[in-house]
Amino acid sequence: MGFNPCVNIRKEWDIVGARQLGREHAKELGFGTVDQARIATAISELARNIYLYAGTGKVCFEIINQLDKKGLKIIAVDKGPGIRDISQVMQDGYSTSGGLGAGLPGVKRLMDHFEIRSDSGEGTEIEAIKWVR
C-alpha cells in the first residue's frame, strides 16, 4: 500500500476515512489491537473537531522511524475560527457540542505526545504521536 499522508475532512464520512487510514498505518507499524483502537479513537476525535468547528481541514499521518523507536504522528490542521481558550478546552468534560466531552483531553490521554497551536481567526494545528511499545 502506498503511503497517503493526508485525508481531507469536508464531510462527516471523511472522519471514517481518516480513522480507517490511521488504523491501517498503525497496524503496519506493529501496534497491537488496543493501541490501534486508541489511535483510531484519537483520529476520530480530531477529525470530528475539524468537521464540527472548522468545516474543513485535514488529518495527516507521518511515520516516525528513529534509531530506538518508531511511531505514528497525526497532524490535524484547519483554517477555522481557532480556539479562544486552549486551557478551557483541555479541561476534562468540557464540550461545546454536547458530545461526550472526551475531546482533546481524551486525545492527549490516548497518545504519548500532544501539542496544540491555535490562533483566533487563523485555525488550529494539533500534533499527536503514539510510539510502538
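Going by my numbering, the sequence shown opens with residue 3, and the numbers climb by one from there. No residue lacks a Cβ here, since even glycine has one placed at the ideal position from N, Cα and C.
Inter-residue spacing [alpha-carbon to alpha-carbon] between residue i and residue j
i	j	result
GLY84	ARG119	9 Å
ARG50	LEU69	34 Å
VAL79	ILE11	10 Å
PRO7	ALA42	15 Å
HIS27	LYS132	12 Å
GLY4	LEU23	Because the pLDDT at GLY4 is just 46, under 50, the model does not fix this residue reliably, and the value given afterwards should be weighed accordingly. Their backbone Cα atoms lie some 11 Å apart in a straight line.
GLU64	LEU31	11 Å
VAL36	GLU117	22 Å
LYS13	ILE77	18 Å
Member of the options whose CA lies at the smallest distance from the CA of residue i
i	options	result
GLY125	ARG21, SER46, VAL18 and TYR53	TYR53
VAL61	PHE116, TRP133, ALA20 and GLY73	ALA20
VAL91	VAL134, GLY105 and PHE63	GLY105
ARG86	ILE77, GLU14, ASP121 and VAL109	ASP121
Cβ shell of residue i (< 6 Å), same chain only, five flanking positions each side left out
i	result
ARG40	LEU112
GLY82	TYR55, ALA56 and GLY125
GLU127	VAL79 and ARG119
PRO107	MET92 and ASP94
LYS110	PHE116
Same chain, Cβ closer than 8 Å to residue i, five either side skipped, listed in chain order
i	result
GLY103	Bear in mind that a pLDDT of 49 at GLY103, under 50, signals an unreliable position, so the number given afterwards is only what the model happens to contain. ASP94, GLY95, TYR96 and SER97, listed in sequence order.
GLN38	ARG25, ALA28 and LYS29
Where residue i falls, given that 16 or more other Cβ within 10 Å makes a residue buried
i	result
ILE45	buried
GLU47	buried
GLY34	exposed
GLY123	exposed
ILE88	exposed
ASP114	exposed
Identity of the residues DSSP links to residue i by a beta bridge
i	result
ALA130	ILE76 and PHE116
LYS60	ASN10 and VAL79
ILE52	Looking at the DSSP assignment, ILE52 forms no beta bridge with any residue, so it has no partner.
Same chain, Cβ closer than 7 Å to residue i, neighbours up to 5 away in sequence not counted
i	result
GLY73	ILE66, ILE131, LYS132, TRP133 and VAL134
VAL9	ASP16, GLY19, ALA20, LEU23, LYS60 and VAL61
GLU129	LYS75, ILE77 and GLU117
C-beta neighbour in chain D for residue i, strict 7 Å
i	result
VAL18	Judged by its chain identifiers, the structure shown contains no chain D, having just a single protein chain.
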